[in-house]
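Everything on this sheet refers to the single structure shown next.
In this note's numbering, the protein residues as written are 11 to 444.
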């Protein structure tokens, strides 16, 4: 509501008045008369009131309405006889005490932070170009082993130098005392569902066109907690509802950044496949496939279509006459992703448990000229470790999860070690949104 309290110099036609308002009441005064305001209404930037008198044109009620802002007001006046006119008013600064400008009311007095919540950051968080961790114990995870009492210098978020007693001009870097502290490389989770607003597009059995990068939730508090535990990079995967799922996204975890700033742009592109009970979906009553052999055929059919699609585009791109006489082939985002797999531009990360299905997918891949990037979970991988080495696939398994359903009855705690001893590149993942 506008603060209209005080005296106003009001002109209506040839008449000069003083409009006095105080706490929702008021009067319209001249040297000869004083008229009490009726129906005074102040709403946002509008004002209206009426007066009853026999001295303004004729006996009856005269109505005023108009706009009011700061120290000016104006509008229309309707007299008792139905005729109309105009009025204007200015705040009488001489007869009024200096009015305090009303303070703009804020929706909240809480400090604004991003992301919202208990762990949000304000705009004053330091973001220096250079950071020096001084006199720390550095675990290189490489041939140099553990370095005692070393400094590590970062510039623009990247390691610039590791040495003893690095000296910098005063004020050039944020210096962190690392004495008694350990610095290690960040951990990587090869299969995560953290920061994903949705992970399963399960309505069709092939959904290679959908992308996890489109549903990143940078406000997920799991990012904050993961960073506290030393996790800095994740492979955000689509779920395992269909034989060929959606495209993955590799993310660098940064608390307080926007979605696009989390994407590890130079990381290899990938896609999620799945085998076994998750995609047979016997309980779905009608969605193909419902058997393990149907899963294999679904994947083969998809790559056969992608190979034909690629051939059609190759013919069109090489034939100038055809380009002049016809429109290009229809673009298919689903098949584009599968063509990228066959061309080695997109890695397959496949949910898998049983050894027979692991063998099956390696054979499909070789039939269509590509290599599986990783078998995820791969709980019977120890049975076919030599085949994984022969094919060239990696294996990302669980460190502490087995025997949780009949499909994984042959899973064992030593799976990762046995595969690694056979020469498979092995990692351990969380498969978690935490």
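Note that CB positions come from ideal geometry on N, CA and C, so glycine has one too. In this text the structure is predicted, and so the values were computed from the model without any measurement.
Assignment of beta-bridge partners to residue 233 by DSSP yields no partner. Under the three-pair Cβ rule at 8 Å, the segment 195–205 counts as touching the segment 234–244. Using a Cβ distance threshold of 8 Å, residue 204 and residue 166 do not count as a contacting pair.
Looking at the DSSP output, residue 361 bridges to 284, 386.
Beta-bridge partners assigned by DSSP to residue 192: 147. Bridge partners of residue 83 according to DSSP: 78, 99. Assignment of residue 252 by DSSP, reduced to helix, strand and coil, places it in the coil class. Residue range 343–352 is occupied by the alpha helix (DSSP H) that includes residue 347. Contact check for residue 223 against residue 254 fails: the beta carbons are separated by 8 Å or more.
Rounded to the nearest angstrom, the gap between the Cα atoms of residue 16 and residue 225 is 56 Å. According to DSSP, residue 142 shares a beta bridge with 163, 185. Counting only runs of at least 3 residues, the segment 384–439 fully encloses the following beta strand (DSSP E) elements, listed from N- to C-terminal order: 384–387, 404–407, 436–438. Rounded to whole angstroms, the Cβ separation of residue 282 and residue 359 is 6 Å, and the two are in contact under 8 Å. Taking one beta carbon from each stretch, the segment 302–319 and the segment 405–414 have fewer than 3 pairs nearer than 8 Å; the two do not touch.
For residue 278, same chain residues with a beta-carbon under 6 Å away, outside a window of 5 residues either side, are 357 in chain order. Contact between residue 71 and residue 90 holds, with the beta-carbon distance rounding to 6 Å and staying under 8 Å. Rounded to the nearest angstrom, the Cβ distance from residue 188 to residue 144 is 5 Å, consistent with a contact under 8 Å.
Of the residues 234, 210, 323, 235, the one whose Cα lies closest to the Cα of residue 258 is 210. When rounded, the separation of the alpha-carbon atoms in residue 422 and residue 123 is 46 Å.
The continuous alpha helix (DSSP H) containing residue 312 extends over residues 302–328. Proximity to residue 31 across 42, 43, 59 peaks at 59, based on C-alpha coordinates. Contact check for residue 385 and residue 313: beta-carbon distance about 18 Å, past the 8 Å limit, so the pair fails to qualify. For residue 55, no alpha helix (DSSP H) segment is defined, and its DSSP state is neither H nor E.
Less than 8 Å divides the Cβ of residue 218 from the Cβ of residue 347. Sequence-distant Cβ neighbours of residue 332 in its own chain, meaning closer than 8 Å and more than five residues away, are 325, 326. With contacts defined by Cβ atoms closer than 8 Å, residue 142 and residue 176 form a contacting pair. Per DSSP, the unbroken beta strand (DSSP E) holding residue 199 starts and ends at 197–202.
A buried status is given to residue 74, since no fewer than 16 other beta-carbon atoms sit within 10 Å of its beta-carbon.
Boundaries of the alpha helix (DSSP H) harbouring residue 272: 269–272, taken from the DSSP string. Apart from the 5 residues on each side of it in sequence, residue 297 sits with its Cβ closer than 8 Å to the Cβ of 215, 291 in its chain, given in chain order.
Under the 10 Å beta carbon count, residue 372 is surrounded by 16 or more other beta carbons and is classified as buried. DSSP places residue 16 inside the beta strand (DSSP E), whose first and last residues are 16–22. Per the coordinates, the alpha-carbon of residue 369 lies some 46 Å from the alpha-carbon of residue 335. Between the beta-carbon of residue 250 and that of residue 361 there is about 4 Å, and that keeps the pair under the 8 Å contact cut. Annotated three-state conformation of residue 214 is coil, per DSSP. Going by C-alpha positions, residue 85 is about 20 Å away from residue 63.
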